[in-house]
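Visitor:
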Amino acid sequence: MATAKLANQVNEYSGIETNFDVSFATRLALREKQIQQNYRPIIGIHKWFARRPGTIFRSLLISEFGDHGTLEQDFWKPHDFRGVIADPFMGGGTPIFEANRLGFHVVGADVNPMAFWIVRQALAKLDLDQFRKTAEIVLADIESEIGEFYVTKCMKCRSDADVKYFLWVKTAECPTCGTKNDLFPGYLLAENKRHPLNVLVCKYCGELNEYEKIPTREFPQKCASCNKKMHVEGNCRREKAECQNCNEVFLPLSKGQENPLQHRIWAIEYHCQQCKPNHVGRFFKSPDKWDLEKIGRASLKLKKTRGLPIPDDAIPAGDETDRLHRWGYKFYREMFNERQLLGLGLLLRRIIKVQSVECRQALLTVFSDILRYQNMLCRYDTYALKCQDIFSVHGFPIGLVQCENNLLGIPKIGSGAFRHFIEKYIRAKDYCEHPFETKQDGATKTIVPIIGEQINAEFVSTFPNGTSRQAKLLAVPAWEMPVPQESLDGVFTDPPYFDNVQYAELMDFCFTWLRIGLKKEFPEFDKKTTRTQDELTGNVTLGRGLHHFTEGLTKVFSHYAAALKPNAPFVFTYHHNDARAYLPLVVAILDASLDCTATLPAAAEMNASMHIAGTNSSVLDSVFVCRQVHRIAGVQKQINVTIEAVNDIERSLDRDIAEMQKANLRISLGDKRCLVAGHIARLSINLLYPVWDTSLLLDERMRLAERTLDRLSKHLETRKIGGQSTFLI
5 MATAKLANQV NEYSGIETNF DVSFATRLAL REKQIQQNYR PIIGIHKWFA
55 RRPGTIFRSL LISEFGDHGT LEQDFWKPHD FRGVIADPFM GGGTPIFEAN
105 RLGFHVVGAD VNPMAFWIVR QALAKLDLDQ FRKTAEIVLA DIESEIGEFY
155 VTKCMKCRSD ADVKYFLWVK TAECPTCGTK NDLFPGYLLA ENKRHPLNVL
205 VCKYCGELNE YEKIPTREFP QKCASCNKKM HVEGNCRREK AECQNCNEVF
255 LPLSKGQENP LQHRIWAIEY HCQQCKPNHV GRFFKSPDKW DLEKIGRASL
305 KLKKTRGLPI PDDAIPAGDE TDRLHRWGYK FYREMFNERQ LLGLGLLLRR
355 IIKVQSVECR QALLTVFSDI LRYQNMLCRY DTYALKCQDI FSVHGFPIGL
405 VQCENNLLGI PKIGSGAFRH FIEKYIRAKD YCEHPFETKQ DGATKTIVPI
455 IGEQINAEFV STFPNGTSRQ AKLLAVPAWE MPVPQESLDG VFTDPPYFDN
505 VQYAELMDFC FTWLRIGLKK EFPEFDKKTT RTQDELTGNV TLGRGLHHFT
555 EGLTKVFSHY AAALKPNAPF VFTYHHNDAR AYLPLVVAIL DASLDCTATL
605 PAAAEMNASM HIAGTNSSVL DSVFVCRQVH RIAGVQKQIN VTIEAVNDIE
655 RSLDRDIAEM QKANLRISLG DKRCLVAGHI ARLSINLLYP VWDTSLLLDE
705 RMRLAERTLD RLSKHLETRK IGGQSTFLI
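In this note's numbering, the protein residues as written are 5 to 733.
#1: My output table needs one value for Arg383: the three-state DSSP class, helix, strand or coil.
#2: Taking DSSP's pairing of strands, which residues face Asn409 in a bridge?
#3: From what residue to what residue does the alpha helix (DSSP H) around Pro45 run?
#4: How about Ser290: is its C-beta nearer than 8 Å to some C-beta of chain D?
#5: What residues in its chain sit with their C-beta under 8 Å from that of Gln537, if we drop five residues either side in the sequence?
#6: Can you tell me the Cβ-Cβ gap for Phe288 and Val203, rounded? I've got them flagged as a contact below 8 Å.
#7: Quick check: what's the CA-CA separation for Asp675 versus Leu192?
#8: From Cys206 to Ser290, what distance separates their C-alpha atoms?
#9: Just how far apart, CA to CA, sit Leu412 and Phe425?
#10: To the nearest angstrom, how far is it from the Cα of Lys357 to the Cα of Ala572?
#11: Got a sec? Which residues, its chain only, sit under 7 Å from Asp434 by beta carbon, not counting five neighbours each side?
#12: Let's test the definition: count the other Cβ atoms within 10 Å of the Cβ of Gln378 and tell me whether it reaches 16, buried, or not, exposed.
#13: Tell me, please, whether the region 168–181 touches the region 257–276 by the rule of three or more beta-carbon pairs shorter than 8 Å.
#14: Contact defined as beta carbons within less than 8 Å: I believe Ala475 pairs with Leu127. What is the distance between those atoms, to the nearest angstrom?
#15: Is Asp445 helix, strand or coil by DSSP?
#16: Which residue comes first and which comes last in the beta strand (DSSP E) that contains Trp270?
#17: Return the chain-ordered list of same chain residues with a C-beta closer than 7 Å to the C-beta of Tyr336, the five sequence neighbours on each side being excluded.
#18: Following the continuous beta strand (DSSP E) through Lys184, name the residue where it begins and the one where it ends.
#19: Keeping to the same chain, check which residues put their C-beta closer than 8 Å to that of Asn410; ignore five residues upstream and five downstream.
#20: Pairs of beta-carbons, one from the region 53–65 and one from the region 93–100, closer than 8 Å: are there three or more?
#21: Of all the options Ser18, Thr325, His438 and Arg35, which has the alpha carbon lying nearest to the alpha carbon of Ala447?
#22: For a test of the three-state rule: what should DSSP assign to Ile671, helix, strand or coil?
#23: Please classify Thr497: is it buried, with 16 or more other beta-carbons within 10 angstroms of its beta-carbon, or exposed?
#24: Can you check whether the CB of Leu352 is closer than 8 Å to the CB of Pro313?
#25: Measuring alpha carbon to alpha carbon, tell me which of Gln665, Ala592 and Leu598 ends up nearest Lys569.
#26: Which class does Tyr501 belong to by DSSP, given the choice of helix, strand or coil?
#27: Under the rule that 16 or more other beta-carbon atoms within 10 Å means buried, what is Trp80, buried or exposed?
#28: Buried or exposed for Pro694, please, with buried defined as at least 16 other CB atoms from any protein chain shown within 10 angstroms of its CB.
#29: Using alpha carbons as the reference points, say which of Gly300, Leu587 and Thr601 lies closest to Arg711.
#30: DSSP on Ile455, reduced to helix/strand/coil?
#31: With distances taken from CA atoms, which of His552, His235 and Ala608 is nearest Phe576?
#32: Just reading off the alpha helix (DSSP H) that Ala461 is part of, what are its end residues?
#33: With 16 as the cutoff for other CB atoms within 10 Å, does Arg162 come out buried or exposed?
#34: Indicate whether Thr74 and Asp25 have their beta-carbon atoms separated by less than 8 Å.
#35: Could you please give the first and the last residue of the uninterrupted alpha helix (DSSP H) stretch that includes Ile89?
#36: Across the region 483–493 and the region 559–567, are there enough close Cβ pairs to call them in contact, namely three or more that are closer than 8 Å?
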C-alpha cells in the first residue's frame, strides 16, 4: 500500500519550508512582543486583539520570495517584490502591512467593519503637519469647555493641579439595615514600588494613609485621621459583601439585576507642576467638597447640552456581553459616567465638524481608540499606578474599583488620554513613512532604517493591477471577495482561533460610537452592530459551534486556494489549547485541495502576557504552510497511521525545541502541546490528502478527519513527548 508523504520529513520546496530560520525569527518575535508598539508602531493606529508579530510575517514573506541570501541577511534589507498577496481574515492587518511594505499589492477582507477601518487607516495617506495642527485646535476647543472638570487643589500648595485619574468604588445597599456600603475587595490604592510608601484608604473616614508595611487584619495600623484600625482586606469577596454597619453578609447583585451598581468617588491621583520638583512619588488625595461640586456641575452641563452624539444602543446578548447584563448594564452608554459622556459627546461633535476629510477620519479613529481608556470598567493598577484599559484582557471584566481617566490628558504625563493617543497615531503614521527594524546585540539595541520601504497604498475597487502599490479592502465575509483564478502570489493570514476571542462583541463597544461619525460616508458603518452570523468564531449564545466554524473556514480556504498561482503558498498561523479546534483546519485545507508541506513553530506571545502568565497556555503558534501538491495515484481508501508517522512527530518536536532553545526560549508543557497539535494536524492532512473526497457530507468529512487525528493521538498516549505526557484529543 502506498504511504502518504510526511511533509516535514521530505521537502522538495525551496521557499518557506527550507528558508524560514526558526530561531532567528523567534528571537525577533519575542523581543517585538515585549514592547510591540516600539518594534511595530503601526499598531498604534487602533486596538485589535491577539496581533501576531510583524517580524514573523516579514520573515515568512522574505523566506518565500527573497532570492539573495539567508533570512538573517535579507531581513535587514529593503525589498520591492511584485505580485498580489491576500489576507482573508485581515483583523488588525499584520500580514497586509508587511506584504504592502515589501512592495506587494494587497487584497484584504474581514467581516468586521472595525477591522476594515483599522487596516484602511493604517494604509491611508495623511499629512502629519496638518493633522497635528488640526488636533491641537480640537484639543483647545474642548479644553475650553470641559477643562475645569479635570482640575483639583494640590494638597501641598493649594494651587490648581491637573487630575490624572479619579478612583471610584461600586456601592450597594445592605438589605438588612439599609446602609449604603462601599464594595472594596481591598483598601490598597498604591504599592510601595513606584511610590515611596503603601497607600490605603480608611474604610471609616475615607482618608488616605501611607505605611511602610501593608497593614492586615492580623497586624493592623491606625488611621492618622480617625484613629481607627486599618487593614488591607476589603469587605467584598467572591460576589459577597459584609455590611460595615450590621456585619450582615449579602449579595450586592440580585438575580436579573436591572441597573448597574452606583459608584462613589474615593480618591484622586493628580499632578502638581509647581510642587513636582521637590516631591518624591505620586500625588494622591481624598476628594474634597470642591471636587464633588465639579462632578455635579459636569452632570448638570450634560443635561443642558442638547444634541450630543452619544449612542443609545442596547447591548445584545453574547458570550462576553452576558457578563455585562448580569451586572445590570443594558445600554453601552451605561458603561460611562456623566462626566465621561459629556466630554466624549463634545469631543465627537467637534471632530465631526473638521473640514479636512483625511484629518477628520484620523481623529475619529483616535477617538474610537481612546474609548477603551475612557469608561467605567477601567481599573487602576496598584503596582504600575496607571489606568488599565477595558480590553487588558479579551473580555469585559467587571471590577469593583474603577479608574476614570483624564479625557484630554496632561502633556507627557499619564497615558490613555486623547492627547496621548494623538501622539501615538502620529508615531504610527510616521513609522509607515519611515519603517525600521530593531537589531539587538546583547544589551545594545540599534534602530535599522529600511530605506525605500513604506506602508501606504492606493485604494482600488477592482482587483489590484499596476505599478503603484494598490489595496482592495472589503468589510465582507472572505468568500465574497472577488479573486480571479491564478491571480494570487500567496495567501498569508492569521485566522480566528475558534472561540478564543469574541471580536464582534468586543469591538461593538467602539463601533457604536465610531459609526456616528462614519455612517454617512461608509455604508459599512450604517448598521447597529458588527455582529453577523458570517463571523467565524465559536459562540455559545449565537449557536455557532465547530460545525459552523468548519463550514465557514472551508468556504474561505477553498475560495482563496482556487485563486492561487501554481505552487503559490497558502500560509497561516494557528494556536489553540483545545484539540478539537484543529479539526476544522484539517477539513478546510483538504477541501481546498491543499496539502500541508510544513508546520513551523513561531513565537506569538510573551510569557508575561496577562493571557499567558500562570497558565498552561502556549506562547507559540504553529505556522501551516500549504500548497497544491500532485496527488499520489492509486492509493487505497484506507488510512495507515504508521509508527513512522508518530516517530515523525517526535523528531519534529525535538527539532522545534532545539530551535526554540537556540532562541533562548524555555519551552513549557503548554508550548509542547500546541506544537504537537500542529504536527498531528499536518500529518493528518498528509495522510488524508490522497484519498480526500469533497463530495461527502461535511459531517462525514469531519468524522473522517477526527478519526485520523484521534488515531495519531492514541499512538502518542503511551509515549512521553519531549519528556512529558503532552497533547491528547
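Note that the Cβ used here is the ideal one computed from N, Cα and C, for glycine as well.
Guide: Taking the definition as stated:
#1: strand
#2: Tyr169.
#3: Careful: Pro45 lies outside any alpha helix (DSSP H) and carries neither H nor E.
#4: Here chain D cannot be found, since the structure has a single protein chain.
#5: Leu546 and Arg548
#6: 6 Å
#7: 36 Å
#8: Whole-angstrom Cα-Cα distance: 10 Å.
#9: 10 Å
#10: 47 Å
#11: Leu132
#12: buried
#13: In short, these stretches touch, since the Cβ pair count reaches three.
#14: 5 Å
#15: strand
#16: Residue range Gln266 to His275 is occupied by the beta strand (DSSP E) that includes Trp270.
#17: Pro315, Asp317, Ile319, Phe513 and Thr516
#18: Lys184 to Asp186
#19: Tyr154, Asp166, Val167, Lys168, Tyr169, Gly418 and Ala421
#20: A contact is defined here as three or more CB-CB pairs under 8 Å, and the region 53–65 meets this definition with respect to the region 93–100.
#21: Arg35
#22: In the three-state DSSP reduction, Ile671 falls in the coil class, being neither helix nor strand.
#23: The residue is buried, with at least 16 neighbouring Cβ atoms inside 10 Å.
#24: yes
#25: Leu598
#26: DSSP places Tyr501 in coil when its eight states are reduced to three.
#27: Taking all protein chains in view, the Cβ of Trp80 is surrounded by fewer than 16 other Cβ atoms within 10 Å, so the residue is classified as exposed.
#28: So Pro694 ends up on the buried side.
#29: Leu587
#30: Three-state result, Ile455: coil.
#31: Ala608
#32: Note, Ala461: premise wrong, no alpha helix (DSSP H); not H, not E.
#33: exposed
#34: yes
#35: No alpha helix (DSSP H) contains Ile89, which is instead part of the beta strand (DSSP E) from Val88 to Asp91.
#36: By the Cβ test, the region 483–493 is in contact with the region 559–567, since at least three Cβ pairs between them sit closer than 8 Å.
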